[in-house]
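Going by the UniProt record's numbering, the first residue of the sequence shown is number 1, and it counts up by one from there.
To start, the structure itself, in structure tokens.
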Amino acid sequence: MSFFGVNVNPFSTPVGQRIEQATDGNLPSENWALNMEVCDIINETEDGPRDAIKAIKRRLSQAAGKNYTIVMYTLTVLETCVKNCGKRFHALACSREFVQELVKLIGPKNEPPTAVQEKVLSLIQTWADTFRHQPHTQGVVQVYQELKIKGIHFPMTDLDTMAPIITPERSVPESEQNLGGIPTLEQTPAAPSTTPAHQPPIQTSSQLAELTEQQLAKLQSELDVVQGNKLVLAEMLTYLTSPEQTANQQPDAADIELLTELHSTCKAMQERVVELIGKLAHDEMTAELLRVNDDLNNLFLRYQRYTKNKVIPASAILAQTIGHPPNVQTTTPIRNKREADSLIDLSDEAEAIEKHLAEIAMTDDPDSSRIESKEKEGDSDEFDMFAQSRKATYETTKNSGSKYEDNMEQLNRESEFNEMAAWLDHTVSRGQALKEIKNP
1 MSFFGVNVNP
11 FSTPVGQRIE
21 QATDGNLPSE
31 NWALNMEVCD
41 IINETEDGPR
51 DAIKAIKRRL
61 SQAAGKNYTI
71 VMYTLTVLET
81 CVKNCGKRFH
91 ALACSREFVQ
101 ELVKLIGPKN
111 EPPTAVQEKV
121 LSLIQTWADT
131 FRHQPHTQGV
141 VQVYQELKIK
151 GIHFPMTDLD
161 TMAPIITPER
171 SVPESEQNLG
181 GIPTLEQTPA
191 APSTTPAHQP
201 PIQTSSQLAE
211 LTEQQLAKLQ
221 SELDVVQGNK
231 LVLAEMLTYL
241 TSPEQTANQQ
251 PDAADIELLT
261 ELHSTCKAMQ
271 ERVVELIGKL
281 AHDEMTAELL
291 RVNDDLNNLF
301 LRYQRYTKNK
311 VIPASAILAQ
321 TIGHPPNVQT
331 TTPIRNKREA
341 DSLIDLSDEA
351 EAIEKHLAEI
361 AMTDDPDSSR
371 IESKEKEGDS
381 DEFDMFAQSR
391 KATYETTKNS
401 GSKYEDNMEQ
411 LNRESEFNEM
421 AAWLDHTVSR
431 GQALKEIKNP
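See the structure below:
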């Protein structure tokens, strides 16, 4: 029985009714009032988290492969609940079983559009990063690591649609802090935090400060400065991650220096934005501050990914694919270190080596190679099928949906490549492989 399958109608509960209404496919857009009402019920009732998860499961099960408008609305409700509810809901939403079902939801058999794939993968990646140190949410961390090992390409964050990673719970003790005035973004910033994302503090209504028209105008002008820096940082990241730039082994030093300065500036500005969010009684300005904070969090995620991946050469990725561990120096450019006697030089002779290895595999017990490959395939589940289709279509589906049939040719090629890798792993040691390569 599918994990999404349940016997009792989950929409008969109070929270289930709200979820059904909030995910109606006829809605012109998300109903945020209903979404927040769902969060309130989850936080205020004993059975709220369990009933909400059941309703979300049923909604996704009903709409999978049929109505992806409902699926997107349901994923938005799920994301909103994770951000605004507590540990009881987190433990259920981030359980291994539930996250695995989310992955199956975007498997090839359902032919999901690219937007749905990106949304699910983005949620998994965000939760894994946010909850990686929480013992009750390790399920999502485990699934995330498994998907990365299988070669899943996780998307860059969508700055227009992604909300904060997680917000504090709505019910907190009243703070005794006394507002002495409204701080400005130009005041001396605090040191940037090392946490994945900054979230606004909670203030009670009695402590919220009213703004005069003059203060509003000043704050808006300062927000314009923040927006300008944010847009420049986004453009820099887009430029540096473009295919033309990623093909270069060494990015321009001036670009990297500018990118680092922009990142530090935006980090400092975010400190002030977060402080202001919980102190203002002006709803429109608070909403604007929240949106700016969301965008900054997303930019910082993009920056972190870029700084981690910008110097990994293609030869290291190919070495990992054929079963060899990456060289310990893969965090530095390799093009100028040909004299370092690496295990296998894949820079100029990769094509010849692959051809030679294929010939070896063809002449030495091909039956055992197929047996080993089929044993490995027998141990894999729908993650493998999804991983293959995801890798096959990553470059061609960035801006459009994809069909499973379009990926079959690439899957066949990858299957042959996996057979070669399996033969290498089980029939020769790395020393023997190197000897045959150097002395064909």
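We treat Cβ as the ideally placed atom computed from N, Cα and C, and that holds for glycine.
Distance from the Cα of Phe-11 is smallest, within the candidate group Leu-237, Lys-150, Gln-138, Gly-48, for Gly-48.
Only buried fits Tyr-68, as 16 or more other CB atoms lie within 10 angstroms of its CB. At a Cβ-Cβ threshold of 8 Å, Leu-296 and Lys-218 do not count as neighbours. Taking Thr-23 as the centre and dropping the five residues before and after it, the same chain places the C-beta of Arg-59, Ile-70, Tyr-73, Thr-74, Val-77 closer than 7 Å to its C-beta, in chain order. With respect to the 8 Å criterion, Leu-223 and His-282 are not classified as neighbours on the basis of their beta carbons. Under the three-pair Cβ rule at 8 Å, the segment 286–295 does not count as touching the segment 259–268. The three-state secondary structure of Leu-211, taken from DSSP, is coil. Under DSSP, Leu-237 takes part in no beta bridge, so it has no partner. Here DSSP, grouped into helix, strand and coil, assigns Leu-27 to coil.
Fully contained in the UniProt domain "VHS" (22–155) are the following alpha helix (DSSP H) runs of length 4 or more, in chain order: 32–44, 48–63, 68–84, 87–93, 96–105, 114–130, 138–149.
By the Cβ neighbour-count rule, Gly-278 is buried, with 16 or more other Cβ atoms within 10 Å of its own. Taking the Cα of Ile-42 as reference, the smallest distance to any Cα among Lys-57, Gly-16, Glu-20 is reached at Gly-16. Taken in chain order, the whole alpha helix (DSSP H) runs of length 4 or more contained in the segment 253–321 are 253–277, 283–309, 314–321. Secondary structure at Ser-242: coil, using DSSP grouped into helix, strand and coil. Each residue's CA atom was taken as its position, placing Gly-151 and Ala-234 some 26 Å apart. Collapsing the DSSP output to three states places Gln-17 in a helix.
CA-CA distance, Gln-245 to Thr-238, rounds to 10 Å.
Taking C-beta atoms as the reference points, Glu-101 and Pro-155 fail to come closer than 8 Å. Collapsing the DSSP output to three states places Val-8 in coil. The beta carbon of Pro-14 lies closer than 7 Å to those of Ile-41 in the same chain, with the five residues before and after it left out. Distance from the CA atom of Phe-98 to the CA atom of Leu-92, rounded to whole angstroms, is 7 Å. Sixteen is the threshold: when 16 or more other Cβ atoms of the shown chains lie within 10 Å of the Cβ of Ala-55, as they do, the residue is buried.
Close CB contacts of Thr-241 within its chain, under the 7 Å cut and outside five residues either way in sequence, are with Tyr-306 (chain order). When the Cα atoms are used, Val-103 and Val-225 turn out to be separated by approximately 40 Å. If you ignore the 5 residues before and after Val-38, its C-beta comes within less than 7 Å of the C-beta of Val-15, Arg-18, Ile-19, Ala-22, Ala-52, Val-77, Cys-81, all in its own chain and listed in chain order.
Apart from the 5 residues on each side of it in sequence, Asp-255 sits with its Cβ closer than 8 Å to the Cβ of Met-236, Tyr-239, Leu-240 in its chain, given in chain order. In this structure, Cys-85 and Thr-137 do not form a Cβ contact; the two beta carbons are roughly 13 Å apart against a cut-off of 8 Å.
Pairwise C-beta distances place the segment 125–143 out of contact with the segment 106–113, as fewer than three of them are shorter than 8 Å. Inclusion of Leu-27 and Glu-79 in the CB contact set at 8 Å is not warranted, their separation being larger than that value. In this structure, Gln-227 is the residue among Ala-63, Gly-65, His-153, Gln-227 with its C-alpha nearest to the C-alpha of Asp-294.
Cβ-Cβ distances below 6 Å link Asn-35 to Ala-22, Val-77, Thr-80 in the same chain, with the five nearest sequence neighbours on each side left out; the list follows chain order.
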